[in-house]
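Engineer:
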Amino acid sequence: MAPHLTPAGARDLLPLAVAQKRWVEDQLQQVFTRWGYHRIITSTVERLEMLMAGGAIDQATVVRLQGGDDEVLGLRPELTASIARASVTRLAGVPYPHRLYYNANVFQRSPLGKHERQQEFYQAGVELLGAGGTLADAEVLLLLVDALNQLGLPQWKMLLGDAGLNQNLLAAFPEDLRPQVRTCIANLDRVTLEALPLPGELLDLALLLFDLRGTPEAVFSKLAGLSLDAPRAGKLSQNLKSLVEVLRSTTEVALILDL
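The numbers in this note's numbering rise by one with no breaks, and the one at position 135 of the sequence shown is 204.
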């Protein structure tokens, strides 16, 4: 291969693209600092075991490096794990909550057979650590609203979901088919969903969950007719209702629930 070519999945940013990128970064930085968040810069290289510790990162996506003493390292595929590590180890004496923002490159290895796919990306975002509940969720979502408005994006809509409520809804399906049902719903693949070996009652439930998106009023009405794993499901549903109420009381953003 010609030595002057970039590696597969890599790219250069020319001056115009750099100027556009800097403009976006400047706009987002204004929003992040306005909300009281402080920038953190973490190491590009992390121990592979640290990246895998939370279970949220697919090991196949990590670009690996070989460190000294046979230590296995990886280029960060996202920022959350690195920021959580820094918060626990380097900010241990700082009272919670920690409001941190980042603007950095990340690296994700291409799937097999997709070697030309981009492997370096740029991410900007915030982490609100040590706070939870409806108000913490609302803070991050309202910050997102502020950021999108700052960037001048027209006619956008916010899609909200709840991972815990989604897991509760999927609990009715056989464990071996649950991942397939989840994937079909996430990918809007109705054809594959209808072809799964599900008995009639579960297939009806799967198709109902497939269509469980729309205005908050419509989705909550459908949820009320489902047999959920109470009381946890009821609490999750109520938390989501409270979040919707907070958002609607403070912003005019168009909300769509997608469970």
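Note that beta-carbon positions come from the ideal geometry of N, C-alpha and C, so glycine has one too.
1) Would Ala302 be called buried (16 or more neighbouring beta carbons within 10 Å of its own) or exposed?
2) If you check the beta carbons only, do Thr158 and Pro146 fall under 8 angstroms apart?
3) Counting along the chain, where does the alpha helix (DSSP H) carrying Ile254 start and finish?
4) By the DSSP assignment, the alpha helix (DSSP H) with Ile325 in it spans what residues?
5) Just how far apart, CA to CA, sit Ala207 and Thr320?
6) Just to check my reading of the structure: Tyr170 and Gly194 have Cβ atoms closer than 8 angstroms, yes? What is that Cβ distance to the nearest angstrom?
7) From Leu228 to Asp138, what does the alpha carbon distance come to, in whole angstroms?
8) Leaving out five residues on either side along the sequence, give the residues of the same chain with a beta carbon under 7 angstroms from the beta carbon of Thr113.
9) Who are Glu244's beta bridge partners in DSSP?
10) Between which two residues does the beta strand (DSSP E) containing Val132 stretch?
11) Can you look up Arg145 in the DSSP assignment and give me helix, strand or coil?
12) If you drop the 5 nearest sequence neighbours on each side, which residues of the same chain put their C-beta closer than 7 angstroms to that of Ala234?
13) Check for me: the beta strand (DSSP E) holding Glu115 runs from which residue to which?
14) Measuring only the C-alpha atoms, how far is Ala86 from Gln188?
15) Let me check understanding here. Comparing Cα to Cα, which of Leu197, Ala216 and Pro180 lies closest to Glu94?
16) Taking only three categories from DSSP, how would you classify Gly283?
17) What is the rounded straight-line gap between the Cα of Gln89 and the Cα of Asp273?
18) Given that a residue counts as buried once 16 or more other Cβ atoms are within 10 Å of its Cβ, and exposed if not, what is Glu263?
19) Between Gln177, His167 and Gly230, which has its C-alpha nearest Gly201's C-alpha?
20) To which residues of the same chain is Arg154 closer than 8 angstroms at the C-beta, ignoring the five residues directly before and after it?
21) For Gln224, which residues of its own chain have a beta-carbon under 7 angstroms away from its beta-carbon, when the five flanking residues on both sides are left out?
22) Which partner residues of Glu196 appear in the DSSP bridge assignment?
23) Let me check one thing: in DSSP terms, what residues is Val175 bridge-paired to?
24) Of the residues Phe101, Ala122, Phe176 and Val315, which one's Cα is nearest the Cα of Leu197?
Structural biologist: Looking at the coordinates:
1) Here residue 302 is taken as the residue at index 233 of the sequence shown, counted from 1. Answer is buried; the Cβ neighbour count reaches 16.
2) In the sequence shown, residue 158 corresponds to position 89, counting from 1. In the sequence shown, residue 146 corresponds to position 77, counting from 1. 8 angstroms or more divides the Cβ of Thr158 from the Cβ of Pro146.
3) Counting from one through the sequence shown, the residue named residue 254 turns up at place 185. Segment Arg247 to Ala255, the alpha helix (DSSP H) holding Ile254.
4) As a working mapping, residue 325 is identified with position 256 in the sequence shown. No alpha helix (DSSP H) contains Ile325, which is instead part of the beta strand (DSSP E) from Ala323 to Asp327.
5) Along the sequence shown, read from residue 1 onward, the residue named residue 207 stands at position 138. Along the sequence shown, read from residue 1 onward, the residue named residue 320 stands at position 251. So the alpha carbons of these two residues sit roughly 11 angstroms apart.
6) As a working note, residue 170 is residue 101 in the sequence shown. As a working note, residue 194 is residue 125 in the sequence shown. For a cut-off of 8 angstroms, the C-beta gap from Tyr170 to Gly194 is around 7 angstroms, short enough to register as a contact.
7) One-based indexing of the sequence shown puts residue 228 at position 159. One-based indexing of the sequence shown puts residue 138 at position 69. Whole-angstrom Cα-Cα distance: 46 angstroms.
8) Looking up residue 113 in the sequence shown gives position 44. Closer than 7 angstroms at Cβ, skipping near neighbours: Leu144 and Arg145.
9) Here residue 244 refers to the residue found at position 175 when the sequence shown is read from its first residue. In DSSP, Glu244 forms no bridge with anything.
10) If you number the sequence shown from 1, residue 132 lands on position 63. Unbroken beta strand (DSSP E) run through Val132: Val132 to Gln135.
11) Counting from one through the sequence shown, the residue named residue 145 turns up at place 76. Looking at Arg145 - three-state DSSP - the assignment turns out to be coil, as it is neither helix nor strand.
12) Numbered from 1 along the sequence shown, position 165 holds the residue referred to as residue 234. The sequence given here places Leu at residue 234; Ala does not occur at that position. Cβ within range, chain order: Ala302, Leu305, Ser306, Leu309 and Leu328.
13) Sequence index remark: in the sequence shown, residue 115 carries index 46 (1-based). Going by DSSP, Glu115 is part of the beta strand (DSSP E) stretching over Val114 to Arg116.
14) The residue labelled residue 86 in the question sits at position 17 within the sequence shown. The residue labelled residue 188 in the question sits at position 119 within the sequence shown. The alpha-carbon atoms of Ala86 and Gln188 are separated by roughly 18 angstroms.
15) Counting from one through the sequence shown, the residue named residue 94 turns up at place 25. Considering only alpha carbons, the answer is Ala216.
16) Working through the sequence shown from its first residue, we reach residue 283 at position 214. DSSP places Gly283 in strand when its eight states are reduced to three.
17) In the sequence shown, the residue the question calls residue 89 occupies position 20. In the sequence shown, the residue the question calls residue 273 occupies position 204. Using only the alpha carbons, I get a separation of about 48 angstroms.
18) Here residue 263 is taken as the residue at index 194 of the sequence shown, counted from 1. When all chains shown are included, Glu263 counts as exposed.
19) Within the sequence shown, numbered from 1, the residue matching residue 201 stands at position 132. Checked all of Gln177, His167 and Gly230; the closest Cα to Gly201 is His167.
20) On the sequence shown, position 85 is the one that residue 154 refers to. Thr111, Glu115 and Met119.
21) Taking the sequence shown and counting its residues from 1, one reaches residue 224 at position 155. Around Gln224: no qualifying Cβ.
22) The residue given as residue 196 occupies position 127 in the sequence shown. Per DSSP, Leu169.
23) Position 106 of the sequence shown holds residue 175. In the DSSP output, where bridge partners are listed per residue, Val175 has Phe190.
24) Within the sequence shown, numbered from 1, the residue matching residue 197 stands at position 128. Measuring from the Cα of Leu197, the nearest candidate turns out to be Phe101.
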